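Beneath this line is the structure, given in structure tokens, with notes to follow.
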Amino acid sequence: MRVKITPYAALIIIFLIAGCAKKIITKKSEITYVQNQINKLAEVNLTADFSYMPAEEIQVIKLIVQASKVLDDIFLDQVYSLNRDIRKELVNSGTPEDKEYLKLFDIMFGPWNRLDHDKPFINTVEKPAGANFYPEDMTKKEFLKWLKDHPETKDAFESNFTVIRRKGDKLAAIPYSEYYKKELTKAADFLKQAAQLTSDQSLRTFLLSRADSFLSNDYFQSDMDWMDLNGDIETVIGPYEVYEDNLFGYKAAFEAFVCIVDKEESKKLQVIGSLLNQMEANLPLADKYKNFERGSSSPIKVVNEIFTAGDTKAGVQTLAFNLPNDERVRKAKGSKKVLLKNVMHAKFDKILIPIVERTLTKKTMKKVSFDAYFNHILMHEVSHGLGPGEITVNGKNTTVNKELKDLYSTIEECKADVLGMFNCQFLIDKGIFPKSLEKTLYATNLGGMFRSIRFGIGEAHGGGTAIQMNFYLEKGAYKISRDGKFYVNEFKIKSAVKQLAKKVLLIEATGDYKAAKELIEKYAVIKPEVQKALDSLNDIPVDIHPVYPIEKEL
249 MRVKITPYAA LIIIFLIAGC AKKIITKKSE ITYVQNQINK LAEVNLTADF SYMPAEEIQV
309 IKLIVQASKV LDDIFLDQVY SLNRDIRKEL VNSGTPEDKE YLKLFDIMFG PWNRLDHDKP
369 FINTVEKPAG ANFYPEDMTK KEFLKWLKDH PETKDAFESN FTVIRRKGDK LAAIPYSEYY
429 KKELTKAADF LKQAAQLTSD QSLRTFLLSR ADSFLSNDYF QSDMDWMDLN GDIETVIGPY
489 EVYEDNLFGY KAAFEAFVCI VDKEESKKLQ VIGSLLNQME ANLPLADKYK NFERGSSSPI
549 KVVNEIFTAG DTKAGVQTLA FNLPNDERVR KAKGSKKVLL KNVMHAKFDK ILIPIVERTL
609 TKKTMKKVSF DAYFNHILMH EVSHGLGPGE ITVNGKNTTV NKELKDLYST IEECKADVLG
669 MFNCQFLIDK GIFPKSLEKT LYATNLGGMF RSIRFGIGEA HGGGTAIQMN FYLEKGAYKI
729 SRDGKFYVNE FKIKSAVKQL AKKVLLIEAT GDYKAAKELI EKYAVIKPEV QKALDSLNDI
789 PVDIHPVYPI EKEL
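Adding 248 to a residue's 1-based position in the sequence shown gives its number in the numbering used here.
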């Protein structure tokens, strides 16, 4: 009889043999590797002018930031069961170089480098596919067998808001509100304090209902309330994205955004929200799959970010977000698209421009513009709310997320990117966007792909981008010059975008896991000519590392 010892169990044994509460850290990468990884991120101060606000509203912002910082700690635990212990050891270390390890650890929310295919830089344990949402030694087969043998537990086990744990020889689903009760109670208290101070009724309603959600584990009403925010402060705080769950793509990670609304920019974009049904009707998808029931309010806001926490802060920084993910809310009210303008400008100036100067032909490079960059990101977020959501598979009502499981995030990011281009062209043709945008749109998107792929194709956004890059190369929509520089074939790119949009939309509409896997296996790869271009970018920052001045005021 053989006893299987998992990497996690082996680490615990080492820990116990060493004499309890001694060393969790058993091995570290070379300090030069750590320093090089930190240097890949351009440090940027992110703030906004909110000095015009009354003192009470500024205090509201600070209380929301304090609540958000609690979610940093929850997410740290969601990523890995030993994260808190590793961080404590780094903080208490008397070794000067451990400050560098701590800095990278805090950026990545764990001992794995999210910019280098989750390579461990502390210890040698591979990152668990299910993070800390599931028992580390639990397999997909065991989970699925449990559901087959205990069908009454299906809803709880597949819920976005439960962790799965062992209880003896059984598995149990524990609500976040119970598992993280101490932390969520603290965060809820900060939100309640902020609610009492603000004069913004829509914000007060959301903060109170979200505080209740933390304690009840029911996020529906607070998501509905979040859709109605209409003041100067735009904040979202709670469990949303499922990117961290690479086992099934079920479990939502905690995150937060605290932002100040750019009212003038937001007003310019309101017209787009009124055209959602027209964009849905225009999708290259059979009418029987089209979704006109996701709600029509779908506000679009431009904001400046002053603080983030949890999942969205880890590794690569978000340019925009489209929430909530609850299909019930989307059906009732749609979804809100929030564009982070100061983050976009930072990435465009410090990363995208240096990248296109090395990867695109001179003629193509001259076509790159911030307006095209901004508008594609806008339509990417709009497009998350278009297409299939709730679907029927074999006579069963389900969702795209549940059917595509661990592949969902990559396919959905690919869909949003492709439809972002498709819908930009639609709005150009309708005269909503200026005709001049067409001259810069496709070149800017091509340059942006190199920025996204640098994050690694194992990450949802990077994998989704690689699918597009290779599909367009295959169709001749992207070409490579003799000197290895890339350019757009303007005669083929529109058709290629439509073809890929049709393919990805059909996968989602039918919940076809097999087709999704085949698409990813074929196209989510790095070809030699693309790798050569990527190799020329080694000294250019991969992303930004935000520093938030507001933290110093707490």
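Using N, Cα and C, we set each Cβ at its ideal position, and we do this for glycine too. Small disclaimer: the values here were computed from a predicted structure and weren't measured.
query	result
Inter-residue Cα distance where the pair is valine 604 and leucine 533	33 Å
For arginine 413, the residue or residues it bridges with in DSSP	Ala420
Where asparagine 590 falls: helix, strand or coil (DSSP)	helix
Simplified DSSP state of alanine 266, which is helix, strand or coil	Low confidence applies here, because alanine 266 scores a pLDDT of 43, under 50, leaving its location unreliable and the question unanswered by this model.
Rounded distance between the beta-carbons of phenylalanine 681 and lysine 746, thought under 8 Å	18 Å between Cβ atoms; not a contact.
Collapsed DSSP secondary structure at leucine 735 in the structure displayed	The amino acid at residue 735 is misidentified as leucine; the sequence shows tyrosine. Tyrosine 735: strand per DSSP, three-state reduction.
Local Cβ density within 10 Å of glutamine 449, reported as buried at 16 or more and exposed below that	exposed
Proximal residues to serine 853 (C-beta, below 6 Å), its chain only, five neighbours per side dropped	The structure shown does not extend to residue 853, since the chain is modelled only from 249 through 802, so no value can be given for it.
First and last residue of the uninterrupted alpha helix (DSSP H) at lysine 389	388-397
Span of the alpha helix (DSSP H) around lysine 440	429-445
Candidates Lys536, Asn570, Glu390: closest to methionine 475 by CA position	Asn570
Beta carbon of leucine 395 nearer than 9 Å to that of threonine 401	yes
For aspartate 791, the three-state DSSP class (helix, strand or coil)	strand
Closest Cα partner of leucine 445 within the set Gln779, Leu311, Tyr761	Leu311
Among Lys317, Tyr796, Val790, the one whose alpha carbon lies nearest that of asparagine 361	Val790
Environment of leucine 802 [buried if 16+ CB atoms lie within 10 Å]	exposed
First and last residue of the uninterrupted alpha helix (DSSP H) at glutamate 638	It is not in any alpha helix (DSSP H) - glutamate 638 instead sits in the beta strand (DSSP E) that spans 638-641.
Sequence-distant residues of its chain with Cβ nearer than 6 Å to isoleucine 728 (five each side left out)	Phe734, Glu777
Leucine 220 and leucine 588 closer than 9 Å at C-beta	Not covered by the structure: residue 220. The range shown for the chain is 249 to 802.
Minimum C-alpha distance to lysine 762 - residue among Leu655, Val550, Leu330	Leu655
Counted within 10 angstroms of its Cβ, other Cβ atoms place aspartate 417 as buried (16 or more) or exposed	exposed
Environment of glutamine 565 [buried if 16+ CB atoms lie within 10 Å]	buried
Assigned secondary structure, tyrosine 726 (DSSP; H/G/I helix, E/B strand, else coil)	strand
Straight-line Cα distance separating valine 318 from alanine 435	6 Å
Buried or exposed (CB count within 10 angstroms, at least 16 for buried), tyrosine 300	exposed
Cα-Cα separation between proline 302 and threonine 433, rounded to whole angstroms	28 Å
Segment limits, beta strand (DSSP E) that includes lysine 644	644-647
Strand pairing of lysine 275, partner residues [DSSP]	DSSP output for lysine 275 lists no bridge partner at all.
Helix, strand or coil at valine 214 according to DSSP, with G and I counted as helix	This structure cannot speak to residue 214, because the chain is shown only from 249 to 802.
For arginine 452 and leucine 477, the rounded distance between their alpha carbons	9 Å
Close beta carbons around leucine 689, own chain, < 8 Å, minus the five adjacent residues each side	Ala620, Asn623, His624, Met669, Cys672, Gln673, Ile676
Beta-carbon proximity check, isoleucine 705 vs isoleucine 774, cutoff 9 Å	yes
Within the stretch 451-510, ranges of the alpha helix (DSSP H) (whole runs, at least 4 residues)	468-474
Counted within 10 angstroms of its Cβ, other Cβ atoms place asparagine 331 as buried (16 or more) or exposed	buried
Any chain B beta carbon closer than 9 Å to proline 487	Absent from the structure: chain B. Only one protein chain is present.
Neighbour-count burial assignment, proline 794, 16 or more Cβ in a 10 Å radius	buried
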